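Read the structure below first, then the notes.
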Amino acid sequence: DKCTVDNFTSNFNLKQGNCFTFASSQDELRKTWDTVKPGPKNGLRLELNIEADEYLTSSTVGGIKVLIHDNLEFPFPEDGGLIVAPGFYTTIGIRKTNIKRLSHPYGDCIDNNGDSTKNFFSDDGFGYSRPACQKSCLQQYVYRNCSCCDANYPCVQKALVKSTGKPAPSAGIRYCNISMFEDLDCVDRAQIRFSENKLGCTDFCPPACKQSTFTTSISTGMFPTAISINATVERLKSSGKVANVTDFDSFLVESFLLLEIYYESFILERVDSEPAYTWNKLLGDIGGQLGLLLGFSILTAVELLELLAVDIGVGVGLASLFRGRNGKAVAHRGD
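Quick look at the structure:
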């Protein structure tokens, strides 16, 4: 099936620019895309124009960043991802791993319970993840110390007031104005402390009890090849999507790329944590020990009774014999 722009949801990231998510939980079409077999020809195939001519003069790197994540998790491309350069055909193979952790009393993971104080992204329908919680923790620190919200992350007034105990202004909590030195300096200092792990956000945010992770392998090749460049140019011209391009040779090298993302295998790896010792096992072991001790006690008691009975029987027999002999002796003397 062909996908369209409607299958992508967009959000703006102050550090990375425009971000587009395919098959997001926010997709209004709510369409599930299935593939019947693994391999490069059975995944997502994109031809992208990065419009390098519209980059800011301060930009030193061209290309796109690709982040593979669960569709219920909010993406943070500033924290990871793969750089894909223009002028190349790039394939990204993925493998999925499902992780299941244990909560209290065996571990400290957290369920996806929609607690907005630990996940400011829950109002947008995204589930709990440790990165989302850590960004929410940073936002709490910014509001507590700067009296405004970092524009990089959601500003959830109810959750901020609840988590910080700091009342909101009558006009509501505003976003920090980076054109104001006081706001900019305060947010920068918060970001530095956050990057140095001095805000306690690591301890504040335990891992999720259920998590899906993806391992990736990337390979690249030249695109288009010298022999196919003319056919590629004609196809792009006929599509009408690059009407303003005059120098196609430069455009293909500087702005155009081909990307394929696919499953390398349908084998799903599962990592499940299990308690080393449960109440059921404890009770079973106690029952087994009690049964063993009880059986041993009964057996011992029976053996003791048997021994006692034998001793008593022997004693009674000897006593009777002794009395019998004495009786005969007395009778003889009488005669």
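According to my numbering, the sequence shown is numbered sequentially starting from 16.
Positions of the beta carbon are idealized from the N, C-alpha and C atoms, including for glycine.
Every value quoted in this text rests on a predicted model; they were computed, and no experiment measured them.
* **Rounded distance between the beta-carbons of Cys161 and Asp198, thought under 8 Å** => On the sequence shown, position 183 is the one that residue 198 refers to. On the sequence shown, position 146 is the one that residue 161 refers to. Right, the Cβ-Cβ distance comes to about 6 Å (below 8 Å), so this counts as a contact.
* Does the Cβ of Cys191 lie closer than 7 Å to at least one heavy atom of the ligand HEM? -> You won't find the ligand HEM in this model; it holds no ligand whatsoever.
* Spatial neighbours of Phe238 within its chain, please: CB distance less than 6 Å, with the 5 preceding and 5 following residues excluded, ordered by chain position. => Along the sequence shown, read from residue 1 onward, the residue named residue 238 stands at position 223. Answer for Phe238: Phe103, Tyr104, Leu273, listed in chain order.
* To do: Starting from Lys150, trace the alpha helix (DSSP H) both ways and give me its first and last residue.
  => In the sequence shown, the residue the question calls residue 150 occupies position 135. First-last of the alpha helix (DSSP H) with Lys150: 145-161.
* For the putative contact between Glu279 and Ile79, defined by C-beta atoms under 8 Å, what is the C-beta separation to the nearest angstrom? -> Sequence index remark: in the sequence shown, residue 279 carries index 264 (1-based). Sequence index remark: in the sequence shown, residue 79 carries index 64 (1-based). Actually they are not in contact, since the Cβ atoms of Glu279 and Ile79 sit about 21 Å apart, beyond 8 Å.
* Close beta carbons around Asp287, own chain, < 6 Å, minus the five adjacent residues each side -> Here residue 287 refers to the residue found at position 272 when the sequence shown is read from its first residue. Excluding sequence neighbours, Asp287 sits near Lys115.
* Asked: Rounded C-beta distance between Cys220 and Cys148? I'm assuming under 8 Å.
  -> In the sequence shown, residue 220 corresponds to position 205, counting from 1. In the sequence shown, residue 148 corresponds to position 133, counting from 1. Sure, about 4 Å apart at Cβ, within 8 Å.
* List the DSSP bridge partners of Glu275. => Translated into positions along the sequence shown, residue 275 becomes position 260. Its beta-bridge partners are Arg60, Thr106.
* From the DSSP output, which residues share a beta bridge with Phe23? -> Taking the sequence shown and counting its residues from 1, one reaches residue 23 at position 8. In DSSP, Phe23 forms a bridge with Phe37.
* Flag this pair as yes or no: are the beta carbons of Asn64 and Phe271 separated by less than 8 Å? => Taking the first residue of the sequence shown as position 1, residue 64 is located at position 49. Taking the first residue of the sequence shown as position 1, residue 271 is located at position 256. For Asn64 and Phe271, yes; Cβs fall inside 8 Å.
* Minimum length 3: unbroken beta strand (DSSP E) runs contained in the segment 212-280 -> 225-237, 271-278
* To do: Would you mind working out which of Ser232, Cys18, Leu153, Lys225 sits nearest Glu211, comparing C-alpha positions?
  => Here residue 211 refers to the residue found at position 196 of the sequence shown. Nearest option by C-alpha distance: Leu153.
* Is the distance from the Cβ of Ala223 to the Cβ of Arg145 below 8 Å? -> Taking the first residue of the sequence shown as 1, we reach residue 223 at position 208. Taking the first residue of the sequence shown as 1, we reach residue 145 at position 130. A contact, by the Cβ cut-off of 8 Å.
* If you draw a straight line from the C-alpha of Arg351 to the C-alpha of Asp200, how long is it? -> Past the edges of the chain, shown from 16 to 350, lies residue 351, and the structure says nothing about it.
* To do: Can you tell me which of the three DSSP states Leu71 falls into?
  => Position 56 of the sequence shown, counting from 1, holds the residue named residue 71. Coil at Leu71, not helix or strand.
* Just grab the DSSP bridge partners of Ile207 for me. => Numbered from its first residue, the sequence shown carries residue 207 at position 192. Per DSSP, none; premise fails for Ile207.
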